[in-house]
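Protein chains in written order, with the numbering used here: chain Z, 3 to 624; chain E, 3 to 624.
Ideal Cβ placement from N, Cα and C applies to all residues, glycine included.
From a predicted model like this one, the values you see are computed outputs, not experimental measurements.
Here's the structure we're looking at; comments come further down.
Okay, here's the thing in structure tokens:
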């Protein structure tokens, strides 16, 4: 899958809202304005965020959608007494015009027309409120600068005025928190707490505040069901240097089995106790780390108010979580075989049924999900499937709706970016296939994307190399033809956790996190021609130590490709490939065929034999 | 040439010092201690820096060498009453042991054993002095943190106590400042002042303080002779939003011709007037920009003391100076032809004389300099020549001395990294040649370095691409064999100015300066085997717009290779090259041959014909 945040998703929209007195955006805006005025504020900021800065915002935190109707995956509104604006990025210019009532809101481009300018022009000397649970300290600093530029001021409102008027606000998710089996996790939670606690002690730190649900899930070997695509429970935690921890979670989510699993060194308290626990840390004058990239400003403000000076430092779970252990890697490989079976059965089926033009995007995505559900340990999808036919393939964050649903038509490309959450691993794979005979331009561009994919897949690199350093390898073949893609090349992936995780990243944007053995990252160059077609080839890869070449004077790392599914040979123009590139495809296809043939349906196996023929041996058109 | 700062150089050591009462390091240290104590300080920091943060520190600012005897290109000392330490980097561990009296100074590794720790352990509660002219604000912040950690404090001493005891301190350089002809500069200084002043005005800035001599030289179309390798005059300047400027320079350096050249909009004042001018800016409450990366802390402290709040912003000349105009580019191309003639005559001569084993590094470097001096517009070398035979080639910052001088021996490699300052351009080129028949390992590694050089030379890339993004292209072929080089791949180069300039850079280290048309950058991958040999292949290249390939959907940039000199064919293992790589070498050699043959000596022309034969056509061993 492409860029984190590039998929449109709005959990609130998936459920029919309960009846409410406030039915229209105009009514909702008026009610919010009245509440804001009641509190003596000149205005209020409504971001699209929850208390954990989750990528997929749960229904109870879909305030921007409730207020404005806008359901894109990024944006925020600023509501003043006499004016209101919504800020969206370039991906959502059209969608926001369709969804937002422009008599109520001015629609502005987030980066080209910065909110600071709008606030400066409209706030006057007033006081703008924000919910400190829904913003990072960096965001608060930017809001503050904008208010000061306007001659006004910014004040925190931990008691969100919008929530006061949102009568039919969905309840917080209440799925149980469950133990994650050691057979999948590979390292007992007590050991994880022990080694992270020891590092805190060495650094003279008393405690680390954890606000990222996936960090808590990893640290305590637990999972949950509070988010549609990510198996986490919404929770907070404090890890102490003595390896003990406090877990703050809604009371209904804990079970005796969970309590037994967590053990005596982990105390459990209701979510409401988190803020008082921060006060206690402050009162103890404790040295506490908090991650400014992911923790809410609330945490910093509360610790500071209690007298503590929080140390701004990366979440201590982020790096160890990213470096998968051998058990996790074995699970991930196994999950990829099952995922490869499902996707390959799908591709074989697609080859049979797509040519007649009756299949549509929705039907294809449903069929694929059904095939995945058959796999052992399948729990849910890992993100909303992107199934883009023809010109929809060029919309990087495309998600099929009833209105947009398009039939697959001969002569067009079909891009499917999908993945699943298995107990033993998280998958994310993109294949682009030709429906019928592809055009020469599509083949040429597909092959350039493939060259980039192979360059990254086969690269060996020394220790301390970052993903930013490698990014160009995936783009070089496109660049030479004056082409590129406007998203990152690779994101970290969790194991039965977030499909997007840090700290590593393969991107043009500088990133200082070195690639380390056990890290999973996607390899997903693409090419998009607006209004015509989209191409993306995505496999997940794991960083591992490479065998030292003779004469090497420094150790090397390399990527192990995890994803198993054929790459459409009909889209490969072998005249653009060198021998080594052809060799990589043939070896990859051989591995796919040998691994999956015994596991897929008989008809798929037959099709797979042809689909994985060496690329040198004559062009096979489907 | 490799990394900025990677060359050992010490102008003070080139001249016999005048007689002094303080002859030994012990006497000098004692005198400094007495002076420091007299001023009520617990200690003093002695960096290797001048008032302009020049890369090549002039003799009058060689305080570290005078005090400690250490002549490396980077380092600093901290002198306390009862102890003293000198901090050097890994390149200078051995050299510092040879030069520094360890009964007087503890030698510490700059990064592995941070000065902050030593200061914290030794300063106690005392007051440490520093010269605010010799440190950037960032350096001062680090010193300050270290002192505070020690329970002490840091105070500025603009009246340097070391200077008070350095009786025979060399005079400040006094070469005249001279006009730089419009025929070379391509843009009248008044126009440069006009367009930079307009940008200041647009940004609401009143003035920019300029402390970098090369920025002043570029802006005013002047040059000087105050530094051995860089044709600048030591000076400060203030550029105003109305396009006027004040130039602060030692009075003896100005001539009537210069004054006429500068014109009425540029007022000239003695260097001593610079600080009062900062006071005046503060008193006017002016909005002033200063570059924190290159300006002395003195400038910030003085402006702040006068009531101004300096805006920390990149030197406004840096980017326009880096993007050469058409006149400059024409001059640079022309200078490279002359430089190529000199280097090619040298390589041909070397091929004749080196085989008998009588020639040494010194003799080779002298001969090459002599050939360069014949070229039109030659002014001086652009940096100390690196002429490293055999194992000396592996010392990235090697500079031949009487003691180190080594003969060129058959079977060894010889690395020559050299360049010159011509009125119309600055050159910097490295060639590595085999003396006699090279070993297979050397050929294999040379070819991998060459592959990296070619990958960068032939790369096309979109707008907004940075050098950091391209760096891996130069390393990829080495990485695949478990090899690498521990220096940057490319640095910016001025035109008849600094051989190392920013803001662009091709490096593993993230750099956000996009490559733009007209920027000059070196392309210099290498490989070094300690104690055995060194390889580096360096050409200068200019960024230019590329012709759009058919079907391109975004504009591309590419590199134009400027340097003209043959690459040793006997070191190329063509079995490691693909057709495109062989094609690049042959086309490059053809261009070298066609351009230089009419201009080189007759014997060189004959040799060049063979040395530039297509690499496919049989191996030619010298």
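Cα-Cα separation, residue i to residue j
| i | j | result |
| --- | --- | --- |
| residue 179 of chain E | residue 254 of chain E | 9 Å |
| residue 311 of chain Z | residue 300 of chain Z | 14 Å |
| residue 552 of chain E | residue 486 of chain Z | 14 Å |
| residue 469 of chain Z | residue 399 of chain Z | 23 Å |
| residue 1 of chain E | residue 222 of chain E | The displayed coordinates of chain E run from 3 to 624. Any statement about residue 1 of chain E would go beyond what the structure contains. |
| residue 557 of chain Z | residue 547 of chain Z | 8 Å |
| residue 536 of chain E | residue 447 of chain E | 10 Å |
| residue 601 of chain E | residue 544 of chain E | 23 Å |
| residue 165 of chain E | residue 423 of chain E | 32 Å |
| residue 159 of chain E | residue 133 of chain E | 5 Å |
| residue 194 of chain Z | residue 149 of chain Z | 43 Å |
| residue 15 of chain Z | residue 161 of chain Z | Reliability of the predicted coordinates at residue 15 of chain Z is poor, the pLDDT of 40 falling under 50, and the value obtained from them is presented with this limitation in mind. Those two C-alpha atoms are separated by around 24 Å. |
| residue 33 of chain E | residue 163 of chain E | 10 Å |
| residue 88 of chain E | residue 99 of chain E | 11 Å |
| residue 262 of chain Z | residue 244 of chain Z | 20 Å |
| residue 533 of chain Z | residue 594 of chain E | 47 Å |
| residue 478 of chain Z | residue 348 of chain Z | 31 Å |
| residue 217 of chain E | residue 28 of chain E | 40 Å |
C-beta atoms of residue i and residue j nearer than 8 Å
| i | j | result |
| --- | --- | --- |
| residue 91 of chain E | residue 76 of chain E | yes |
| residue 46 of chain E | residue 131 of chain E | yes |
| residue 314 of chain E | residue 280 of chain E | no |
| residue 415 of chain Z | residue 395 of chain Z | yes |
| residue 324 of chain E | residue 482 of chain E | no |
| residue 94 of chain Z | residue 70 of chain Z | no |
| residue 322 of chain E | residue 291 of chain E | no |
| residue 181 of chain E | residue 288 of chain E | no |
| residue 264 of chain Z | residue 241 of chain Z | no |
| residue 606 of chain E | residue 365 of chain E | no |
| residue 434 of chain Z | residue 421 of chain Z | no |
Residue from the options whose Cα sits closest to the Cα of residue i
| i | options | result |
| --- | --- | --- |
| residue 565 of chain Z | Z:413, Z:333, Z:559 and Z:116 | Z:333 |
| residue 176 of chain E | E:182, E:237, E:219 and E:567 | E:237 |
| residue 225 of chain Z | Z:427, Z:435 and Z:478 | Z:427 |
| residue 360 of chain Z | Z:58, Z:407, Z:227 and Z:530 | Z:407 |
| residue 26 of chain E | E:72, E:298 and E:40 | E:72 |
| residue 329 of chain Z | Z:272, Z:288, Z:190 and Z:368 | Z:190 |
| residue 387 of chain E | E:501, E:302 and E:425 | E:501 |
| residue 495 of chain Z | Z:338, Z:390, Z:403 and Z:205 | Z:338 |
| residue 84 of chain E | E:609, E:455, E:121 and E:397 | E:121 |
| residue 454 of chain E | Z:450, Z:475, Z:561 and Z:198 | Z:475 |
| residue 568 of chain E | E:397, E:286 and E:614 | E:614 |
| residue 342 of chain Z | Z:528, Z:373, Z:327 and Z:405 | Z:373 |
| residue 461 of chain Z | Z:512, Z:527, Z:559 and Z:440 | Z:559 |
| residue 538 of chain Z | Z:37, Z:316 and Z:445 | Z:445 |
| residue 169 of chain E | E:531, E:23 and E:153 | E:23 |
Cβ distance (whole Å) where residue i is taken to contact residue j below 8 Å
| i | j | result |
| --- | --- | --- |
| residue 80 of chain Z | residue 31 of chain Z | Not a contact, Cβ separation roughly 12 Å. |
| residue 187 of chain Z | residue 147 of chain Z | Residue 187 of chain Z to residue 147 of chain Z, Cβ: 43 Å. No contact. |
| residue 138 of chain E | residue 157 of chain E | With 8 Å as the limit, residue 138 of chain E and residue 157 of chain E do not qualify as a contact, their Cβ atoms being about 17 Å apart. |
| residue 239 of chain Z | residue 212 of chain Z | 4 Å |
- According to a CB-to-CB cut-off of less than 9 Å, which residues of the segment 450-476 of chain E neighbour chain Z? Hits within the stretch, in order: 457, 460, 461, 462, 463, 464, 466, 467, 468, 470, 471, 472, 473, 474 and 475.
- Could you name the residues of the segment 475-509 of chain E whose beta carbon sits closer than 9 Å to any beta carbon of chain Z, in the order they occur along the chain? Among the residues of the segment 475-509 of chain E, those with a Cβ less than 9 Å away from any Cβ of chain Z are 475, 477, 478, 481, 482, 483, 484, 485 and 486, in the order of the chain.
- Query: When Cβ atoms are compared, which residues of the segment 310-335 of chain E fall closer than 7 Å to chain Z?
  - Reply: Listed by position along the chain: nothing, the set is empty.
- Determine which residues of the segment 192-219 of chain Z have a Cβ less than 7 Å from any Cβ of chain E, and write them out in chain order. Sequence-ordered contacts of the segment 192-219 of chain Z with chain E are nonexistent [C-beta pairs closer than 7 Å].
- Please list the residues of the segment 537-555 of chain E that have a C-beta atom closer than 9 Å to any C-beta atom in chain Z, keeping them in chain order. Interface annotation for the segment 537-555 of chain E against chain Z: 548, 550, 551, 552, 553, 554 and 555, criterion Cβ-Cβ distance under 9 Å.
- Near-chain Z residues of the segment 575-587 of chain E (beta-carbon distance less than 8 Å), N- to C-terminal order: If the cut-off is 8 Å between Cβ atoms, the segment 575-587 of chain E has 580 near chain Z.
- Item | Where the segment 157-177 of chain E meets chain Z: residues whose CB sits under 9 Å from a CB there | The residues in question: there are none.
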